[in-house]
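The structure appears right after this line, and notes come after that.
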Amino acid sequence: MVLSILRPYFLAFWHIFKRTFTVKVPYEVPKPSERYRGRPMLHMDRCIGCGVCVYVCPNKALTLVTVDGKKYPQFNAGRCCFCSLCADHCPRAALTMTYEYELSSYTKDDLIYPPSRLSLPPKPLPGRVVTVKTYDVRRGVAHG
Amino acid sequence: MGSKVEAMTLSMGPQHPITGHFRFILEIDGDIVLKLEPDIGYTHRGIEKVAEYRTYIQNLPVVERVNSYCDSMGTLLGYPRVLEELMGIEVPERAKYLRVIAAELNRIASHLYAICLVAISTGFETMLMWTINDRELILDLLEMLTGQRITLTYPTVGGVRYDLPQAFKEEALKRLSYLERRLEDYRKMMLENHTFKMRTQGVGVLKPSDAIRLGIVGPNLRASGVKADVRKDEPYEVYDRMDFEIPVLKNWDCYDRALIRALEIEQSIRIVKQALKELPEGPIRARIPPLPPKGEAYSRVEAARGEFGYYLVSDGKDKPYRLRIVSPSFRNLIALPFLCRNVPLADVPIIYISLDLIPLDVDR
Amino acid sequence: MLMDILAFLTSPRFIEAFLRVIVFPGTLFTLLYAILAVWGERKLHARVHLRIGPLHIGPIMGLFQVIADFVKLVQKEIIVPRAAHRFIYNFVPLAAPILAAMSFAFIPCAPYPFYYGRPGPPYWVIYYTDLSLLVVLALFSLRPLLMIGAGWASNNKYSTLGALRAALQLFAYEVPLIIALAGIVIAVGTFDLARIAESQLVVWFILTQPLGFIVALIAMMAELGRRPFDIPLAEQEVVFGWPTEYTGAQFALVMMSEYLDLCAVSALITILYLGGWYGPVVPFLPPQASYVFWFLFKVAVLTIIIMLGRAVFPRLRIDQLLKAGWTWLIPLALLQVIIVLLEVDANMSWCIPAIAG
């Protein structure tokens, strides 16, 4: 019984000297993977206006609007659930998912992305990008 | 004639640091709880009805949101399976192995979260931080595989949506071996901790006969001594080719329910390592007909919390006629008023959290 | 008249009293200890949890986080519930830190280097008395009364419940504490804390009375309200215990009193069991300063041990806590006293300083 009281004490004491697990967001940002499903990006030259993305979206986040006589999808960031069904089912791969996840805005109208804004490339990440570098039970997991 | 016991009614309301989004109405007399009545429905979203207004493909993210933050694969896996059973599709081998890998990784993440909650309920912040830290490593793996950490939406009708990336196998093996060594630390810190044992042993004892009579499912049932697991009783995907054990424990109390989750993490690590080694080549999706035929089908999947069932009635159109979701936490909820009779007030959070009830699962 | 006042103010006696009351075992030291203890506890727990803790505010490692929190708390509104008993409700947060600091005033910290040839205590202590151990224990016994007062005066169902449980726990754990300390008093033969510390020149009491040390440490942790004996302050079912209704500066004072108590308890156990101010010679310091250094070092080590207890154990239930106190600690303490009496009877002078000299 004494051992079961003292052992956690020593274990906690050794943990003081291990590396911390913290990633100091927003100065350091964990690296999103290549397949990260953030905001979709529209390639206007590839879009044919078929409307499959509108049909397959569960939350009606995409609607077709007419720009210069052709039809393009308009994106509502307030309704998107980031399932990427639209990007998977697009026949010309005109929609691709990017790593941008900071989509908050101050007004609700700002959440609607017309096709011109939807085709902008994603904003760069705000801090230094870190990943997990070493796994050592003795020294702890290091982010670098 | 005796004096009437004056009971005070206490409501541990929907916003409470321990209960999550549940409401309990307790009748307490001094320090002893006489009766507990759960009042569910705070997070009811009507997903079964919403599913009737979406096509089968649109239903994949919707149904997953029943319980996505703990155990997304366990929640969602039954839905493509019930459609495959209805349409008679055979899923390719590689897709089956990938489904098993993702499901077991999600089971590990969910059990780590359950251990974290058991630690908070006793006031043990250190275990909370450690388990959440290690859960981050598993969620990074899932992000590498699917693109999202908790709302994976990984299986689809006929297979899976993404294939394994290049660096996945060695990353997974590195992280899983780190996790195996960390489980030793958890054992020394929490499972052999004298105060933790004092707090959880002998509390909330659920006998096997009572468990079977009440209809408990999942790790709670196995911690009550009954050897029942859908992965062994009706093997689906490739579980019949995997070599793993079902732990069954003998003391039937809250400590056992915490212990069995640590043991199941070890078994899940075994399964993932075997599946990664035996992974065959091939396609990851099968061709599916555009509409399902008329009929009904039922599928069972072992999620992290128990048996997840889907019952689908289809009338040939592109939207389901009726989708019934049988969630494990709704089945386990009945154990809570049964166990919380004449216990001290301080034991109620421990019993509630050791049963691993997620309010989202209960209310759907 | 003015010259008399000026002469008094610059006399060595006044400067010495000023130094003691304000600087070393007085206001500045206890406040600095409270600030460092709160910061240290957050950092320590963060490292045990593998995270960082306060980071941004302060020159290095978030040192001024506590001051920022204190300033934030002080500028909030002080709310007195309408049906509360105003006098006691407002009195308790003022009395709690004063009580804690008062018990620290009787504990001698180190021998005093500047001895001006006048009758007085040659120790760093604010008030020297022969019965300092008794006075400190008596002041510790007053704490449950403050908690009951606050809980009742708040006029809140949960505060009253919490206050009663707190009082139950504290009263139950004073008995093994006093019995264990009786072992030391029998061994040394006096209640004077300075003499108890001086009698540990050769061997510390932790080695000759280990049972008593363990009992005293556990009982002190229960007296403080530290995890695993956390029920007074942080119950999760009844919102916060006895200081639920306090806001603003009153809440800050209540929290500060908890850490001032920790200071007094650490210093007390250091003097009683860990050899007070004796230790090997530090190469670069004169011997008088090395006494102060070793005292502070031992207080810091004991504080860290008590703080780590919060990271390592879950919370005990009230009936388990009381049962542990009555069935385990009191027999152990009695056993310790019996061992000390047997040693006195057998005239073993190496562990009973009263016999040796």
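Note that the protein sequences, when read in sequence, are chains A, B and C. Under our numbering, the first residue of the first sequence carries the number 1, and numbering increases by one thereafter. Under our numbering, the first residue of the second sequence carries the number 1, and numbering increases by one thereafter. Under our numbering, the first residue of the third sequence carries the number 1, and numbering increases by one thereafter. Ideal Cβ placement from N, Cα and C applies to all residues, glycine included.
Query raised in the report: Does DSSP put B:Gly2 in a helix, a strand or coil?
Result: For B:Gly2, the predicted structure reports a pLDDT of 43, less than 50, and the residue's modelled location is therefore unreliable. The matter cannot be settled from this model.
Query raised in the report: Going by DSSP, what residues sit across from B:Tyr311 in a beta bridge?
Result: B:Tyr298, B:Arg324
Requested in this report: Could you tell me whether any Cβ in chain B is nearer than 8 Å to the Cβ of A:Tyr101?
Outcome: no
Query raised in the report: When you compare each of B:Ser224, B:Leu183, B:Ala102, B:Met189 to B:Gly202 by their alpha carbons, which one comes out closest?
Result: B:Ser224
Query raised in the report: In whole angstroms, what separates the C-alpha of B:Asn193 from that of A:Pro8?
Result: 7 Å
Query raised in the report: Assuming C:Gly162 contacts C:Pro232 under a Cβ cut-off of 8 Å, what Cβ separation, rounded to an integer in Å, is found between them?
Result: 6 Å
Query raised in the report: Are any of the Cβ atoms in chain B nearer than 8 Å to that of C:Leu316?
Result: yes
Report task. Entirely within the region 69-108 of chain C and at least 4 residues each: give me those alpha helix (DSSP H) ranges in chain order. Result -> 86-105
Report task. Measuring only between beta-carbons, confirm whether C:Arg51 sits less than 8 Å from chain A. Result -> yes
Requested in this report: Could you tell me if A:Leu118 is buried or exposed, where buried requires 16 or more neighbouring beta carbons within 10 angstroms of its beta carbon?
Outcome: buried
Requested in this report: Verify whether the separation of the beta carbon atoms of C:Ala267 and C:Ile107 is less than 8 Å.
Outcome: yes
Report task. List the endpoints of the continuous beta strand (DSSP E) containing A:Lys133. Result -> 132-136
Report task. Identify whether B:Glu245 lies in helix, strand or coil by the three-state DSSP scheme. Result -> coil
Query - Run of the alpha helix (DSSP H) containing B:Tyr178, from where it starts to where it stops - result: 168-186
Query - Beta-bridge partners of C:Gln169, as assigned by DSSP - result: None, per the DSSP bridge assignment.
Requested in this report: Assign C:Thr10 to one of three DSSP states: helix, strand, or coil.
Outcome: coil
Query raised in the report: When the Cα of B:Arg222 is compared with those of B:Lys188, B:Arg241, B:Arg257, which residue comes out closest?
Result: B:Arg257
**Report entry** Bounding residues of the beta strand (DSSP E) (the contiguous stretch that carries B:Asp29)
**Finding:** 23-29
Report task. Please determine, among B:Ser11, B:Asp39, B:Asp240, the residue with the shortest C-alpha to C-alpha distance to B:Val362. Result -> B:Asp39
Query raised in the report: Going along the chain, which residues of its own chain have a beta-carbon closer than 7 Å to the beta-carbon of B:Met1, five neighbours each way excluded?
Result: For B:Met1, the pLDDT reaches just 40, beneath the cut-off of 50, and the residue's location in the model is therefore unreliable, leaving the point undetermined.
Query - Helix, strand or coil at C:Pro243 according to DSSP, with G and I counted as helix - result: coil
Query raised in the report: How would you label A:Ser105, buried or exposed, when you count the other beta carbons within 10 angstroms and need 16 or more for buried?
Result: exposed
Report task. Check distances from the C-beta atoms of the region 44-66 of chain A to those of chain B and list, in chain order, the residues that come in under 7 Å. Result -> Val56, Pro58
Requested in this report: Using the Cα positions of B:Ser3 and B:Asp29, report the straight-line distance between them to the nearest angstrom.
Outcome: Here the model assigns B:Ser3 a pLDDT of 47, short of 50, so the residue's position is not dependable, and the following value carries that caveat. Whole-angstrom Cα-Cα distance: 13 Å.
**Report entry** As assigned by DSSP and simplified to three states, the class of C:Met221
**Finding:** helix
Query - Same chain only: Cβ atoms within 6 Å of A:Gly140, ignoring 5 sequence neighbours per side - result: Lys18, Arg19
Query raised in the report: Taking the alpha carbon of A:Thr96 as the point to measure from, which residue in A:Leu103, A:Leu85, A:Glu102 has its own alpha carbon closest?
Result: A:Leu85
**Report entry** Cutoff 6 Å; reference C:Gly40; Cβ partners in own chain excluding five residues on either side
**Finding:** none
Query raised in the report: Just by C-beta distance, which residues in the region 185-198 of chain B are closer than 9 Å to chain C?
Result: Met189, Met190, Asn193, His194, Thr195, Phe196, Met198
Query - A:Gly78 and A:Leu42 closer than 8 Å at C-beta - result: no
Requested in this report: Please list the partners that B:Arg175 has in chain A, where partner means a Cβ-to-Cβ separation under 8 Å.
Outcome: Tyr135
Query raised in the report: Of all Cβ atoms in chain C, is any one closer than 8 Å to the Cβ of B:Met129?
Result: yes
Query raised in the report: Would A:Phe21 be called buried (16 or more neighbouring beta carbons within 10 Å of its own) or exposed?
Result: buried
Requested in this report: Taking only the alpha-carbon atoms, compute the straight-line gap between B:Leu249 and C:Ile35 and give it to the nearest angstrom.
Outcome: 48 Å
Requested in this report: Could you give the DSSP three-state label for B:Arg257: helix, strand or coil?
Outcome: helix
Query - Bounding residues of the beta strand (DSSP E) (the contiguous stretch that carries A:Phe75) - result: 70-76
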